[in-house]
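Asker: These protein sequence lines map, in sequence, to chains A and B. The opening residue of the first sequence carries number 29 in our numbering; numbering runs sequentially from there. The opening residue of the second sequence carries number 2 in our numbering; numbering runs sequentially from there.
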Amino acid sequence: MSGFVSSSIGKKVIMSVTGLFLIIFLCLHLFINLLALVDADGSIFNTVAHFMGTNIIMFVMQWVLAAGFIFHILYSLILTLKNQAARPVKYEVNTRSDITWSSQNMFILGLGILAFLVLHIINYFYKLKFTDLIESGQMSEYELVTSIFTAQYWYYPVIYVIAFILLGLHLNHSFQSSFQTLGLNNSNWLPRLKFIGTLYAIVIAVGFSIIPIYFLMKALL
Amino acid sequence: MNLTLKIWRQASAKASGKFETYKITDISTESSFLEMLDVLNDKLIKENVDPVAYDHDCREGICGMCSLYINGRPHGPDEDITTCQLHMRKFKDGDTITIEPWRAGPFPVIKDLAVDRNAFDKILQEGGFISVNTGSAPDANAILIPTQKAELSMDAAACIGCGACVAACKNSSAMLFVSAKVANLGLLPQGRAEAATRVKAMIAKMDELGFGSCTNTGACEAECPKNISISNIAFMNREFLCANIKE
Numbered sequence: 029m030s031g032f033v034s035s036s037i038g039k040k041v042i043m044s045v046t047g048l049f050l051i052i053f054l055c056l057h058l059f060i061n062l063l064a065l066v067d068a069d070g071s072i073f074n075t076v077a078h079f080m081g082t083n084i085i086m087f088v089m090q091w092v093l094a095a096g097f098i099f100h101i102l103y104s105l106i107l108t109l110k111n112q113a114a115r116p117v118k119y120e121v122n123t124r125s126d127i128t129w130s131s132q133n134m135f136i137l138g139l140g141i142l143a144f145l146v147l148h149i150i151n152y153f154y155k156l157k158f159t160d161l162i163e164s165g166q167m168s169e170y171e172l173v174t175s176i177f178t179a180q181y182w183y184y185p186v187i188y189v190i191a192f193i194l195l196g197l198h199l200n201h202s203f204q205s206s207f208q209t210l211g212l213n214n215s216n217w218l219p220r221l222k223f224i225g226t227l228y229a230i231v232i233a234v235g236f237s238i239i240p241i242y243f244l245m246k247a248l249l
Numbered sequence: 002m003n004l005t006l007k008i009w010r011q012a013s014a015k016a017s018g019k020f021e022t023y024k025i026t027d028i029s030t031e032s033s034f035l036e037m038l039d040v041l042n043d044k045l046i047k048e049n050v051d052p053v054a055y056d057h058d059c060r061e062g063i064c065g066m067c068s069l070y071i072n073g074r075p076h077g078p079d080e081d082i083t084t085c086q087l088h089m090r091k092f093k094d095g096d097t098i099t100i101e102p103w104r105a106g107p108f109p110v111i112k113d114l115a116v117d118r119n120a121f122d123k124i125l126q127e128g129g130f131i132s133v134n135t136g137s138a139p140d141a142n143a144i145l146i147p148t149q150k151a152e153l154s155m156d157a158a159a160c161i162g163c164g165a166c167v168a169a170c171k172n173s174s175a176m177l178f179v180s181a182k183v184a185n186l187g188l189l190p191q192g193r194a195e196a197a198t199r200v201k202a203m204i205a206k207m208d209e210l211g212f213g214s215c216t217n218t219g220a221c222e223a224e225c226p227k228n229i230s231i232s233n234i235a236f237m238n239r240e241f242l243c244a245n246i247k248e
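#1: Just by C-beta distance, which residues in the stretch 46–62 of chain A are closer than 9 angstroms to chain B?
#2: Output the distance between the C-alpha atoms of methionine 89/A and threonine 159/A, rounded to the nearest integer angstrom.
#3: Listing by chain order, which chain B residues have their CB less than 7 angstroms from the CB of methionine 134/A?
#4: Does DSSP put alanine 181/B in a helix, in a strand, or in coil?
#5: Going by C-alpha distance, which of Thr84/B, Cys163/B, Asp81/B and Asp79/B is nearest glycine 65/B?
#6: Tell whether a beta-carbon distance below 9 angstroms holds between cysteine 85/B and alanine 169/B.
#7: For leucine 244/A, I'd like the list of residues in its chain whose CB is within less than 6 angstroms of its CB, leaving aside the five on either flank, ordered along the chain.
#8: What first and last residue would you give for the alpha helix (DSSP H) that runs through glutamate 224/B?
#9: Starting from the N-terminal side, write out each stretch of the alpha helix (DSSP H) that is 4 residues or longer and does not extend beyond the stretch 143–218 of chain B.
#10: Is isoleucine 136/A helix, strand or coil by DSSP?
#11: List the residues of chain B that alanine 114/A touches, going by C-beta distances under 7 angstroms, in chain order.
#12: May I ask you to list, following chain order, the residues of the stretch 215–238 of chain B that have a beta carbon less than 8 angstroms from some beta carbon of chain A?
#13: What are the residues of the stretch 59–76 of chain B that lie near chain A, defined by any Cβ-Cβ distance shorter than 8 angstroms?
#14: Taking the continuous alpha helix (DSSP H) assigned at tryptophan 91/A, which residues delimit it?
#15: Quick one: measure Cβ to Cβ for glutamate 195/B and glycine 129/B, integer angstroms, because I've assumed they're closer than 8 angstroms.
#16: For a minimum of 4 consecutive residues, which ranges assigned as the alpha helix (DSSP H) are wholly contained in the stretch 51–125 of chain B?
#17: Pairing CB atoms from the stretch 125–141 of chain A with CB atoms from the stretch 149–168 of chain A, are three or more of them under 8 angstroms?
#18: What are the boundary residues of the beta strand (DSSP E) that includes phenylalanine 130/B?
#19: For the stretch 98–115 of chain B against the stretch 207–217 of chain B, do three or more pairs of beta-carbon atoms, one drawn from each stretch, fall closer than 8 angstroms, so that the two count as touching?
#20: Identify whether tyrosine 181/A lies in helix, strand or coil by the three-state DSSP scheme.
#21: Going along chain B, which residues have a C-beta under 9 angstroms from threonine 226/A?
#22: In the DSSP assignment, the beta strand (DSSP E) including isoleucine 8/B goes from what residue to what residue?
#23: My output table needs one value for glycine 31/B: the three-state DSSP class, helix, strand or coil.
#24: Per DSSP, what kind of secondary structure is tyrosine 119/A in: helix, strand or coil?
#25: Tell me, to the nearest whole angstrom, how far the beta carbon of glycine 225/A is from that of glutamine 204/A; I am working on the premise that it is less than 8 angstroms.
#26: Considering only the beta carbon of each residue, do phenylalanine 178/B and phenylalanine 121/B sit closer than 9 angstroms?
#27: At 7 angstroms on the CB atoms, spell out the chain B contacts of isoleucine 37/A, in chain order.
#28: Is aspartate 39/B closer than 9 angstroms to asparagine 3/B when the C-beta atoms are compared?
#29: May I have the straight-line CA-CA distance separating glutamate 101/B from glycine 96/A, to the nearest angstrom?
#30: Verify the CB distance criterion: does histidine 201/A have a CB-CB separation below 9 angstroms to chain B?
#31: Look at the Cβ atom of leucine 114/B, then the Cβ atom of phenylalanine 34/B, and state whether they are nearer than 9 angstroms.
#32: Within the same chain, show all residues whose beta-carbon is closer than 8 angstroms to that of phenylalanine 241/B, passing over the 5 residues directly before and after it, in chain order.
#33: Check the Cβ of glutamate 101/B against every Cβ in chain A and list those closer than 8 angstroms, keeping chain order.
#34: Just to make sure I have the definition right: I need the residues of chain A whose C-beta is within less than 8 angstroms of the C-beta of asparagine 119/B. Which are they?
#35: What are the boundary residues of the beta strand (DSSP E) that tyrosine 23/B is part of?
#36: Please decide whether phenylalanine 20/B counts as near chain A, where near means a Cβ-Cβ distance under 9 angstroms.
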């Protein structure tokens with residue numbers, strides 16, 4: 029199996045498996061976040077967020093998730109550097125055929141998402157895990173979420189929505205690409221997987237974008 | 002028609018190259034792209050200039066010898082054809098045409114527009130065959146093959162190994178070429194005996210030669226003159242995964 033991991037396809041399989049894991053994680057993340065819109069005081073969201081933050085399975089899963097991110101980012105870097113090296117002299121003229129923009133720019137989109145991830149961790153994860161904001165009763169999870177989507181911090185909702193657009197473009201290619209890399213594809217399934225992937229990307233990008241827009245509108249109106 | 006040609010000139014593999022511009026007049030719209038280059042070379046020879054080196058052989062679109070990255074696309078602006086089948090009617094009078102060699106580390110330039118595609122042969126030598134004893138021809142119906150499998154295998158066999166997939170891919174990946182060979186043999190019962198060793202050996206060679214990895218953009222399929230499908234790549238990935246799991 030050592031030959032498998034060092035092969036180009038083996039590395040791609042690691043990208044694909046970690047990518048699919050992150051795709052599932054995003055579904056769960058979106059579902060929980062949308063609970064913040066269900067009631068006015070956010071008590072449902074607080075209950076679920078508290079449950080997620082305190083049970084043992086989620087404690088283990090957060091490290092699995094971190095590993096998923098790290099491997100996905102690390103292998104994208106290794107593969108991108110190798111791919112860049114495979115063409116030492118670039119073309120003078122390059123008119124791309126009818127292929128999607130996102131498929132050509134996955135690494136750039138990934139970098140944008142990574143920058144957002146750092147910001148997102150500083151905004152929430154760090155405050156939840158490494159400060160006693162919640163334990164000391166200074167604010168609830170719901171208040172922490174809404175605290176940066178206000179008129180005073182108008183740029184946060186803007187940054188978040190831009191990041192979700194980048195994420196959507198990244199996911200639009202990654203969904204079908206994961207299945208292709210795992211060999212779970214053929215000429216019948218390719219258009220179906222592309223359709224499901226695009227639908228998934230739209231749901232994630234729009235779904236996540238609703239939250240900062242909603243709270244900003246609520247703060248402004 | 003009158004044209005301006007911007008052509009990559011490179012004296013040898015080690016020399017550094019640059020673009021040279023040539024004006025060419027009275028080209029028939031009915032002539033093929035390679036015939037247009039023949040006319041240019043006749044003119045250059047008469048002017049005591051070194052003619053442009055480019056690969057060509059059958060000029061019938063089946064040998065895979067011609068290449069050329071024309072105006073930013075492998076085999077030029079027409080769909081599903083090789084450069085030898087490209088006709089000058091696809092261009093307009095007065096056009097400037099940029100002609101470059103395939104660009105990929107494993108395809109070094111030999112001279113001007115001719116590149117060394119031996120890397121493909123090296124991959125084939127690793128497993129692009131089936132081992133059979135020679136002798137009298139076996140009975141045609143001794144091994145039954147479902148029609149659908151035979152069709153898919155023959156579709157993959159249409160690959161002429163021109164290298165347009167590598168040229169078009171932003172990663173210079175040879176996955177479409179290798180997968181076409183893996184699927185061509187691996188889909189048939191005669192090819193199953195060596196299927197696991199074949200896919201592993203061919204991919205190891207492909208990686209060793211410095212081709213990039215596949216990011217599933219589909220550029221290879223879009224530019225392939227023989228319409229080789231990327232579903233062959235999915236087939237090869239599946240074969241490779243299974244071969245490693247069974248190990």
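Note that the Cβ used here is the ideal one computed from N, Cα and C, for glycine as well. Since this is a predicted model, take the numbers as computed values, not measurements.
Answerer: From the atom records:
#1: none
#2: 20 angstroms
#3: Thr216
#4: helix
#5: Cys163/B
#6: no
#7: Phe177 and Pro185
#8: 220–224
#9: 148–158, 165–169, 176–187, 190–193 and 196–209
#10: helix
#11: Ala105, Gly106, Asn172, Ser173, Gly211, Phe212 and Gly213
#12: Cys215, Thr216, Asn217, Thr218, Gly219, Ala220, Ala223, Glu224, Ser230, Ile231, Ser232, Ile234, Ala235, Phe236, Met237 and Asn238
#13: Tyr70, Asn72, Gly73 and Arg74
#14: 84–113
#15: Not really, about 10 angstroms apart at Cβ, beyond 8 angstroms.
#16: none
#17: no
#18: Premise fails: phenylalanine 130/B is in no beta strand (DSSP E) and is neither H nor E.
#19: yes
#20: coil
#21: In chain order: nothing, as chain B lies at least about 15 angstroms away.
#22: 4–10
#23: Inspection of the sequence shows that residue 31/B is occupied by glutamate rather than by glycine. If DSSP states are grouped into helix, strand and coil, glutamate 31/B belongs with coil.
#24: coil
#25: 5 angstroms
#26: yes
#27: Ile204, Asn238 and Phe241
#28: no
#29: 41 angstroms
#30: yes
#31: no
#32: Val200, Lys201 and Ile204
#33: Tyr119, Glu120 and Val121
#34: Those within 8 angstroms of asparagine 119/B in chain A number zero; the least Cβ separation is about 16 angstroms.
#35: 19–25
#36: yes
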